[in-house]
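Quick notes on the structure that follows.
Numbering (the UniProt record's numbering), first residue to last: 1 to 336.
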């Protein structure tokens, strides 16, 4: 039995009139409370309290600490005031209904949570956590979150703060417009997709691109080659740019497979690439390893070179001599 974890509180008063100015406050008596297994203190003593002093107007002193005139102060409120330390998540939509965890200290059953001036439903999880649902709000902004118990508010000096965000704010609308341009479109889609559909398709796209690990080395190298071609290849003419938006997701973002005529790396045309003004810096592995001797606009893009970013067939000999992962062929593309 660990008695140091439990506390008993006693209120002692003298049987006299209890006016504020009654009695003599200096006339105090010292008491101790003893917890024992027997009625007499001669037996085995379990616990002894600290010395306490009681005088004949002690009832008035206790009245000053009362929370409600009709009820006494609960013992846990006199020593431990509930406080909010954090709110997770700390922001949400103005539509409300989001589940939020209030983190703090000295929470108890019956403690209520107030968002601004609105009392919300709450559920006590532990003395340090309360689960609530956010109420709706007509305008975005910051609201103060406080605690309440029997018409007494806590944390008004240091309240928690929750940020309401509207779905139609300019920055968010701009983000949705950007997403709508790159996500896959399905037959029968309206011109403007609902925002929840845009978010779902964007999440599916990200999971498809980055959520599935591949153990096949050829696929990994093929994707790396496609990304490098898309990022560091020679500039395209303006009439080629609109076609990029109409390609499939993988071809437009990962592979540029639709530009096999312009960007394919073909081994048989290695000599032509040298004659067309491209020289390779064999000591460089930089994406800018090609140095054009003429302006890019004067160069035919039907063949770039047999090597990419400073690597040639000799450098890839450990791959079995098969350059199929770099030849841009639709037949060998995992996305064809």
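For glycine and all other residues, C-beta sits at the position ideal for the given N, C-alpha and C.
Asked, Found
"Presumed contact (8 Å Cβ cut-off) between residue 117 and residue 162, rounded CB distance", "With 8 Å as the limit, residue 117 and residue 162 do not qualify as a contact, their Cβ atoms being about 13 Å apart."
"The stretch 149 to 168 in contact with the stretch 79 to 91 per 3-pair CB rule at 8 Å", "yes"
"Which of helix, strand or coil DSSP assigns to residue 79", "Any reading at residue 79 needs caution, since the residue's pLDDT is 48, under 50, leaving its predicted position unreliable; the model's value is listed next. Here residue 79 sits in helix by DSSP."
"Residue burial classification, residue 104 (beta-carbon count within 10 angstroms, cutoff 16)", "buried"
"Best match in 210, 185, 179 and 205 for proximity to residue 195 [C-alpha to C-alpha]", "179"
"Span separating the alpha-carbon of residue 130 from that of residue 114", "12 Å"
"Buried or exposed by the 16-neighbour rule on C-beta atoms within 10 Å, applied to residue 189", "exposed"
"Residue of 200, 199, 177 and 202 minimising C-alpha distance to residue 191", "177"
"Residues bridged to residue 143 [DSSP beta-bridge criterion]", "162"
"Outcome for residue 143 when other beta-carbon atoms lying within 10 angstroms are tallied against a minimum of 16", "buried"
"Cα-Cα separation, residue 95 to residue 193", "20 Å"
"Bridge partners - residue 105, DSSP secondary structure assignment", "83"
"Segment limits, alpha helix (DSSP H) that includes residue 201", "195 to 210"
"Cβ-Cβ distance between residue 146 and residue 106 below 8 Å", "no"
"Residue 117 - DSSP class collapsed to helix/strand/coil", "coil"
"Nearest to residue 141 (by Cα), restricted to the options 127, 158, 119 and 167", "167"
"Beta-carbon proximity check, residue 201 vs residue 184, cutoff 8 Å", "yes"
"Identified DSSP bridge partners for residue 149", "152"
"Residue 151, buried or exposed, once every other Cβ within 10 Å from all chains shown has been counted against 16", "exposed"
"Collapsed DSSP secondary structure at residue 172 in the structure displayed", "helix"
"Start-to-end residues for the beta strand (DSSP E) that takes in residue 123", "122 to 126"
"When 154, 100, 174 and 173 are compared against residue 121, the one with the closest alpha-carbon", "100"
"Buried versus exposed call for residue 284 [16 or more other C-beta atoms within 10 Å across all chains shown]", "Low confidence applies here, because residue 284 scores a pLDDT of 41, under 50, leaving its location unreliable and the question unanswered by this model."
"Beta-bridge pairing of residue 180 - partner residues as DSSP gives them", "According to DSSP, residue 180 bridges with nothing at all."
"For residue 132, the residue or residues it bridges with in DSSP", "100 and 122"
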